[in-house]
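*Asks:* Residue numbers (numbering that gives the first Met the number 0), protein chains in the order written: chain A, 0 to 448; chain B, 0 to 500. Got a structure for you, written out below as structure tokens; questions coming shortly.
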Amino acid sequence: MNYVPNTVDELRDMLRALGAETMEDLLGAIPAEVRLQRSLDLPPALSEPALKRHLGALAAKNLNLDTAVSFLGAGSYDRVVPSVVAHLAKRSEFLTSYTPYQPEVSQGMLQATYEFQTMVCQITGMPVANASLYDGATAVVEAALMAVGPGGRGEVLISRGVDPQYRATLATYAHTRGFTMREIALDNGATSTRDLEKQITPETKAVIVQQPNFFGVVEDMRACEAITHTTKALFVAAVSEPASLAVLAPPGEYNADIVAAEGASLGNPIGYGGPALGLFATKADLLKRMPGRLVGETVDDRGQRGFVLTLQAREQQIRREKATSNICTNQALLAVFATVYLAALGRAGFREMGVQCVQRAHYAYDQVRAIPGVTPIFDRPFFDEFAVTLPRPVAEVNRALAKQGIIGGYDLGRDYPELGANAALFCVTEARTRDDIDQLTSVLKEAVL
Amino acid sequence: MSTESLIFEMGAPGRRAATLFDMDVPETPLTDLLPADALRATEAPLPEVSEIEIVRHYTHLAQRNFSVDSGFYPLGSCTMKYNPKVNEDMASLPGFARLHPLQDDATAQGAIELAYHLEQILAEIAGMARVTVQPSAGAHGEITGLMVIKAYHASRNEVHRNIVLIPDGAHGTNPASATLADYETVELRSDARGGVDLDHLREVLNENVAALMMTNPNTLGVFDENIVEIARMVHAAGGQIYYDGANANAIMGLARPGDMGFDVVHFNLHKTCSTPHGGGGPGAGPIGVAAHLVPFLPGPLPARDADGTYRWADAGPQSIGRVRANNGNFLVLVRAYTYLRFHGAAGVRQVSENAILNANYVMHALKDRYTLPFDRTCMHEFVFSANRQKAHGVTATDIGKRLLDFGIHAPTVYFPLIVSEALMIEPTETETRETLDNFIQVMRQIADEAENDPETVQHAPHTTTVGRLDQTLAARKPRLRWSPGDAPRTSEKSVPVGASR
Numbered sequence: 000m001n002y003v004p005n006t007v008d009e010l011r012d013m014l015r016a017l018g019a020e021t022m023e024d025l026l027g028a029i030p031a032e033v034r035l036q037r038s039l040d041l042p043p044a045l046s047e048p049a050l051k052r053h054l055g056a057l058a059a060k061n062l063n064l065d066t067a068v069s070f071l072g073a074g075s076y077d078r079v080v081p082s083v084v085a086h087l088a089k090r091s092e093f094l095t096s097y098t099p100y101q102p103e104v105s106q107g108m109l110q111a112t113y114e115f116q117t118m119v120c121q122i123t124g125m126p127v128a129n130a131s132l133y134d135g136a137t138a139v140v141e142a143a144l145m146a147v148g149p150g151g152r153g154e155v156l157i158s159r160g161v162d163p164q165y166r167a168t169l170a171t172y173a174h175t176r177g178f179t180m181r182e183i184a185l186d187n188g189a190t191s192t193r194d195l196e197k198q199i200t201p202e203t204k205a206v207i208v209q210q211p212n213f214f215g216v217v218e219d220m221r222a223c224e225a226i227t228h229t230t231k232a233l234f235v236a237a238v239s240e241p242a243s244l245a246v247l248a249p250p251g252e253y254n255a256d257i258v259a260a261e262g263a264s265l266g267n268p269i270g271y272g273g274p275a276l277g278l279f280a281t282k283a284d285l286l287k288r289m290p291g292r293l294v295g296e297t298v299d300d301r302g303q304r305g306f307v308l309t310l311q312a313r314e315q316q317i318r319r320e321k322a323t324s325n326i327c328t329n330q331a332l333l334a335v336f337a338t339v340y341l342a343a344l345g346r347a348g349f350r351e352m353g354v355q356c357v358q359r360a361h362y363a364y365d366q367v368r369a370i371p372g373v374t375p376i377f378d379r380p381f382f383d384e385f386a387v388t389l390p391r392p393v394a395e396v397n398r399a400l401a402k403q404g405i406i407g408g409y410d411l412g413r414d415y416p417e418l419g420a421n422a423a424l425f426c427v428t429e430a431r432t433r434d435d436i437d438q439l440t441s442v443l444k445e446a447v448l
Numbered sequence: 000m001s002t003e004s005l006i007f008e009m010g011a012p013g014r015r016a017a018t019l020f021d022m023d024v025p026e027t028p029l030t031d032l033l034p035a036d037a038l039r040a041t042e043a044p045l046p047e048v049s050e051i052e053i054v055r056h057y058t059h060l061a062q063r064n065f066s067v068d069s070g071f072y073p074l075g076s077c078t079m080k081y082n083p084k085v086n087e088d089m090a091s092l093p094g095f096a097r098l099h100p101l102q103d104d105a106t107a108q109g110a111i112e113l114a115y116h117l118e119q120i121l122a123e124i125a126g127m128a129r130v131t132v133q134p135s136a137g138a139h140g141e142i143t144g145l146m147v148i149k150a151y152h153a154s155r156n157e158v159h160r161n162i163v164l165i166p167d168g169a170h171g172t173n174p175a176s177a178t179l180a181d182y183e184t185v186e187l188r189s190d191a192r193g194g195v196d197l198d199h200l201r202e203v204l205n206e207n208v209a210a211l212m213m214t215n216p217n218t219l220g221v222f223d224e225n226i227v228e229i230a231r232m233v234h235a236a237g238g239q240i241y242y243d244g245a246n247a248n249a250i251m252g253l254a255r256p257g258d259m260g261f262d263v264v265h266f267n268l269h270k271t272c273s274t275p276h277g278g279g280g281p282g283a284g285p286i287g288v289a290a291h292l293v294p295f296l297p298g299p300l301p302a303r304d305a306d307g308t309y310r311w312a313d314a315g316p317q318s319i320g321r322v323r324a325n326n327g328n329f330l331v332l333v334r335a336y337t338y339l340r341f342h343g344a345a346g347v348r349q350v351s352e353n354a355i356l357n358a359n360y361v362m363h364a365l366k367d368r369y370t371l372p373f374d375r376t377c378m379h380e381f382v383f384s385a386n387r388q389k390a391h392g393v394t395a396t397d398i399g400k401r402l403l404d405f406g407i408h409a410p411t412v413y414f415p416l417i418v419s420e421a422l423m424i425e426p427t428e429t430e431t432r433e434t435l436d437n438f439i440q441v442m443r444q445i446a447d448e449a450e451n452d453p454e455t456v457q458h459a460p461h462t463t464t465v466g467r468l469d470q471t472l473a474a475r476k477p478r479l480r481w482s483p484g485d486a487p488r489t490s491e492k493s494v495p496v497g498a499s500r
């Protein structure tokens with residue numbers, strides 16, 4: 000019936016051992032006035048086979064990326080994930096363990112996390128990375144909070160090219176914490192360095208720019224960094240498409256102070272957007288202000304190499320109200336997925352994956368913009384996403400595409416009304432073949448007529 | 000050899016595992032497509048390893064990790080219950096695992112329907128008006144709940160309320176979340192029975208109090224009998240009362256936070272609802288709120304239209320806004336929904352009753368050997384003090400480490416902070432009586448050892464792949480990533496006398 004092994008006889012014997020007659024005798028501490036005097040009103044229990052039918056039916060109502068061909072990105076990316084990743088990362092020793100507070104019996108998780116921290120450093124070019132945060136949006140929030148400091152005020156500048164969901168999340172926290180958040184305007188789809196120069200002040204604590212930005216446009220991070228560092232503000236590189244790190248200069252190369260990224264697409268199921276994987280890396284001199292868990296290398300009392308959670312004096316379980324962040328549960332298992340994925344791709348495979356994104360997206364761009372009535376919105380270099388204006392509203396076009404098993408581009412009108420109702424953002428990763436792209440082109444031609 | 004090399008120390012130049020699609024589109028030199036100074040100069044120095052090396056390496060790492068599937072895990076406050084396999088199968092269905100978060104609602108009806116019904120189930124269990132599944136973990140639920148409370152006070156022009164009261168036994172996330180929400184924290188004393196000290200509460204309650212955060216049962220595993228009076232007092236002062244749901248495994252079907260007077264509740268689905276902890280995450284921390292706080296919930300929220308269509312509805316004008324990207328830790332929600340649908344009302348009550356029974360059974364059988372600072376019937380967990388063992392030089396840490404030798408995970412140690420040498424034990428309902436009896440026998444043996452052979456306990460563990468690790472070295476000279484040519488580390492401590500090999 001359920002996962003409770005106690006039989007009726009055992010229950011009786013165990014109660015007797017306690018000197019109790021019935022369960023009620025153990026519940027006396029709950030005052031009668033708050034005891035629930037009825038059964039909970041919940042849907043009826045289902046046996047395991049009935050449960051599988053029920054969940055299977057719910058799942059079948061959804062159009063999924065195994066059956067549809069998707070050109071939707073906008074922060075969540077469909078990747079080629081080798082079979083080896085889930086087989087290893089889902090091993091129950093990783094899956095069903097707790098935070099590794101007892102290192103003697105948790106070396107597996109600790110070492111995998113240490114490898115993860117190393118790989119995040121390798122792909123971002125930063126010296127230190129933590130063991131994960133919730134997602135890209137909250138990683139951006141943590142970056143801003145770290146820059147503003149405990150009890151701090153001041154202002155944070157964030158480019159309008161940063162993922163709209165990240166900006167919305169930051170606005171929520173900024174309001175609560177009482178710091179100012181201002182947007183840096185865009186110029187032809189890229190962060191306006193002129194507007195950044197105009198807005199930056201001695202009170203600016205952080206400047207946040209996304210690379211590539213929400214439109215897939217490759218930003219001039221070196222120029223933004225240079226302006227930012229004319230003040231004491233921290234320069235934060237946000238990354239929502241981690242494949243870009245295989246091809247574009249890593250943030251460590253352009254002197255970013257913090258990298259706040261979404262790493263879920265590195266080997267994890269896309270999963271309707273959650274759980275996701277916040278990546279967070281920074282410079283060595285900012286380590287003590289960094290949020291989140293850290294694993295470090297040490298030795299045991301037998302002289303062997305081993306790994307432990309370290310620098311916990313930054314964290315809530317030690318510092319309580321003085322902690323750098325309130326984060327406790329993080330995304331450890333997703334970090335293991337990412338670690339196995341990055342090992343499986345390896346040095347050459349990761350590079351090839353990023354290059355394929357660029358090549359396939361540019362092939363698609365050439366095909367799509369050749370369709371009569373379709374025009375590119377920005378004249379800027381891009382990574383694996385591009386914005387175009389369609390001759391008809393995006394929602395209408397997407398409905399027509401869905402009938403042909405294609406998930407169309409993101410409707411930019413929701414977040415960028417200045418682009419109108421016909422602006423769509425198409426994404427083409429390494430997981431889209433030429434056939435997929437040609438299918439999109441031919442169906443799109445019909446759909447925009 | 001009981002250490003495992005790092006992945007970076009394996010392989011050979013040119014080795015790789017994964018294959019991608021063959022390139023089937025025309026290729027253009029990258030420098031024709033992207034500005035030269037925006038390009039990466041050198042490849043990311045990731046490992047170069049074959050698939051078999053990867054498989055053996057991560058299999059070895061998994062084998063070096065204790066888990067619920069390997070053995071008993073009585074880690075207090077963490078609810079390390081069995082994680083049903085069917086949950087994993089359901090979360091892996093392509094109709095859930097392969098959904099894009101931004102696809103049209105019309106193409107994700109089953110997913111939104113699941114979130115909608117999960118919210119209703121959780122609202123009924125908690126006795127709250129409305130639940131949101133957005134928060135990613137318990138601490139994320141806490142900050143979300145505090146932001147909701149803050150917005151509520153602001154809507155009543157009571158922005159001066161800047162204090163959050165937190166009992167001295169609270170989880171560390173509570174004060175950390177309060178700080179994050181820009182509140183000052185005031186610590187509340189516990190009384191002689193382990194509950195909130197009502198006199199101290201009366202003393203600190205005033206017009207500046209925004210909220211009281213508490214767990215019930217609290218971290219001592221004790222149900223606060225004064226909860227109705229506490230809620231009445233806080234409300235009379237104009238404050239709100241927040242329920243930290245870390246201990247909700249004790250109350251399902253027995254009592255509801257909403258009926259106790261709480262205004263906000265968070266759930267830890269990775270505790271109460273059996274979704275796996277994954278070595279530290281992911282979790283999910285849905286919050287439920289009373290009717291007066293519903294307008295302030297973050298969005299979007301799942302809605303069901305009159306024609307039976309589901310959609311994500313934007314939150315209203317008073318909403319605090321977004322607290323993360325997309326719509327919560329959806330695949331965790333699928334697991335929790337599976338668990339709750341499996342159990343139904345009678346099942347979840349049976350879960351809580353047996354969690355309470357198992358905890359009392361273990362506590363009763365050991366309290367003659369370990370000090371029980373608050374000797375009352377407990378709920379789903381209880382806290383011993385190792386003071387008696389400390390007299391022989393054996394600490395709570397030592398006892399936890401010694402348990403590892405018997406294939407049992409250590410309890411939570413040194414928490415709550417109000418009990419010295421604390422050992423916090425939560426057996427959960429999914430353990431057999433044989434497992435509990437074995438734990439009892441081992442704990443009695445360790446109590447004997449503490450008196451007769453303290454060194455064995457002090458130098459434990461003896462059977463694990465590594466011994467006690469040098470935490471000081473790790474923190475003083477942090478090495479947080481592998482680098483080529485890293486020299487082996489050496490402890491600055493002398494090897495303790497009697498350390499086992």
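Just so it is clear, CB atoms sit at the ideal spot from N, CA and C, and this is done for glycine as well.
#1: Check P375 (chain A) in the structure and name its three-state DSSP category.
#2: Name, please, each residue of chain A whose Cβ falls closer than 7 Å to the Cβ of T376 (chain B).
#3: Under 9 Å, Cβ to Cβ, is there at least one residue of chain A near Y81 (chain B)?
#4: What are the residues of the segment 131-143 of chain B that lie near chain A, defined by any Cβ-Cβ distance shorter than 7 Å?
#5: Ordered along the chain, which non-local residues of its own chain (more than five positions away) have a Cβ less than 8 Å from that of R375 (chain B)?
#6: Going by DSSP in three states, R55 (chain B) sits in which element: helix, strand or coil?
#7: Determine contact between the segment 399-409 of chain B and the segment 44-53 of chain B, defined as no fewer than three beta-carbon pairs at a distance below 8 Å.
#8: What does the alpha-carbon distance come out to for the pair P268 (chain A) and R443 (chain B)?
#9: Under 8 Å by Cβ, that's how I've got L98 (chain B) and A107 (chain B) pegged, so tell me the actual separation to the nearest angstrom.
#10: Label K366 (chain B) either buried or exposed according to how many other C-beta atoms from any shown protein chain fall within 10 Å of its C-beta, with 16 as the threshold for buried.
#11: Within the present structure, is the beta-carbon of M145 (chain A) separated from the nearest heavy atom of the ligand SAH by less than 8 Å?
#12: Anything in chain A within Cβ reach of L60 (chain B), meaning under 7 Å, just list it in chain order.
#13: Which of helix, strand or coil does DSSP assign to E491 (chain B)?
#14: Helix, strand or coil: how does DSSP classify E224 (chain B) here?
#15: Do you know offhand how far F95 (chain B)'s Cα is from H116 (chain B)'s?
#16: Anything in chain A within Cβ reach of M22 (chain B), meaning under 8 Å, just list it in chain order.
#17: Quick one: list the residues of chain A neighbouring R478 (chain B), beta-carbon separation under 7 Å, in chain order.
#18: Roughly how many angstroms lie between the CA atoms of D304 (chain B) and L113 (chain B), to the nearest whole one?
#19: Taking a cut of 7 Å between CB atoms, which residues from the segment 375-407 of chain A lie near chain B?
#20: Any idea what DSSP makes of Q209 (chain A), helix, strand or coil?
#21: Just list the alpha helix (DSSP H) runs in the segment 403-460 of chain B, keeping only unbroken ones of 4 residues or longer that don't cross its boundaries, in chain order.
#22: Does the count of Cβ pairs from the segment 335-346 of chain A and the segment 303-312 of chain A closer than 8 Å reach three?
#23: How long is the line joining the alpha carbons of E433 (chain B) and T337 (chain B), rounded to whole angstroms?
#24: Quick check on V496 (chain B): buried or exposed, where buried means 16 or more other Cβ atoms within 10 Å of its Cβ?
#25: Three or more C-beta pairs closer than 8 Å, one from the segment 236-249 of chain B and one from the segment 51-63 of chain A: is that the case here?
#26: Closer than 8 Å between beta carbons: that is the criterion. Which residues of the segment 360-393 of chain B meet it against chain A?
#27: Distance cutoff 9 Å, beta carbons only. Does I286 (chain B) sit that close to anything in chain A?
#28: Between the alpha carbons of V387 (chain A) and A312 (chain B), how many angstroms are there, rounded?
#29: For N61 (chain A), which of helix, strand or coil comes out of DSSP?
#30: Where do the ends of the alpha helix (DSSP H) carrying A170 (chain A) lie?
#31: Hey, how far is the Cα of A143 (chain A) from the Cα of C120 (chain A)?
#32: Answer yes if the segment 209-224 of chain A comes into contact with the segment 375-382 of chain A, meaning at least three C-beta pairs across the two stretches below 8 Å, and no otherwise.
#33: Based on DSSP bridge pairs, tell me the residues matched to E87 (chain B).
*Replies:* Let's see:
#1: Looking at P375 (chain A) - three-state DSSP - the assignment turns out to be strand.
#2: Those are L25, G27, A28, listed as they occur along chain A.
#3: Residue-level contact check: Y81 (chain B) touches chain A, since one or more beta carbons of chain A fall below 9 Å from its beta carbon.
#4: Under the 7 Å Cβ criterion, the segment 131-143 of chain B contributes S135, A136, G137, A138, H139, E141, I142.
#5: Excluding residues within five positions, the ones whose Cβ falls inside 8 Å are R192, G193, V221.
#6: Three-state result, R55 (chain B): helix.
#7: For the pair of segments examined, the segment 399-409 of chain B was found not to touch the segment 44-53 of chain B: the number of CB pairs separated by less than 8 Å stays below three.
#8: Between the alpha carbons of P268 (chain A) and R443 (chain B) lies a distance of about 46 Å.
#9: Yes, they are in contact, since the Cβ atoms of L98 (chain B) and A107 (chain B) sit about 6 Å apart, within 8 Å.
#10: K366 (chain B) should be labelled exposed.
#11: Only the bare structure without any ligand can be found here, which leaves the ligand SAH out of the picture.
#12: Result: G107, Q110, A111.
#13: Looking at E491 (chain B) - three-state DSSP - the assignment turns out to be coil, as it is neither helix nor strand.
#14: In the structure shown, E224 (chain B) falls within a coil segment according to DSSP collapsed to helix, strand and coil.
#15: Whole-angstrom Cα-Cα distance: 15 Å.
#16: Against chain A, the beta carbon of M22 (chain B) has neighbours under 8 Å at Q355, Q358, listed in chain order.
#17: Simply G295, E296.
#18: When the Cα atoms are used, D304 (chain B) and L113 (chain B) turn out to be separated by approximately 15 Å.
#19: So the close ones are P380, N397, A401, I406.
#20: Three-state result, Q209 (chain A): strand.
#21: With a minimum length of 4 residues, the continuous alpha helix (DSSP H) runs that stay inside the segment 403-460 of chain B are 432-451, 453-457.
#22: Judged by Cβ distances under 8 Å, the segment 335-346 of chain A makes no contact with the segment 303-312 of chain A, as fewer than three pairs qualify.
#23: Rounded to whole angstroms, E433 (chain B) and T337 (chain B) show a C-alpha spacing of 28 Å.
#24: Confidence at V496 (chain B) is low in this model, with a pLDDT of 43, below 50, so the placement of that residue should be treated as unreliable; the coordinate-derived value is given next. By the 10 Å Cβ count, V496 (chain B) comes out exposed.
#25: Judged by Cβ distances under 8 Å, the segment 236-249 of chain B makes no contact with the segment 51-63 of chain A, as fewer than three pairs qualify.
#26: Among the residues of the segment 360-393 of chain B, those with a Cβ less than 8 Å away from any Cβ of chain A are Y360, H363, A364, R375, T376, M378, in the order of the chain.
#27: Output row for I286 (chain B): interface = no.
#28: Cα to Cα, V387 (chain A) sits roughly 27 Å from A312 (chain B).
#29: Assigned with DSSP and collapsed to three states, N61 (chain A) falls in strand.
#30: 163-176 is the extent of the alpha helix (DSSP H) around A170 (chain A).
#31: If you take the alpha carbons of A143 (chain A) and C120 (chain A), they lie about 20 Å apart.
#32: Touching, per the Cβ criterion.
#33: Answer is none; E87 (chain B) lacks a bridge partner.
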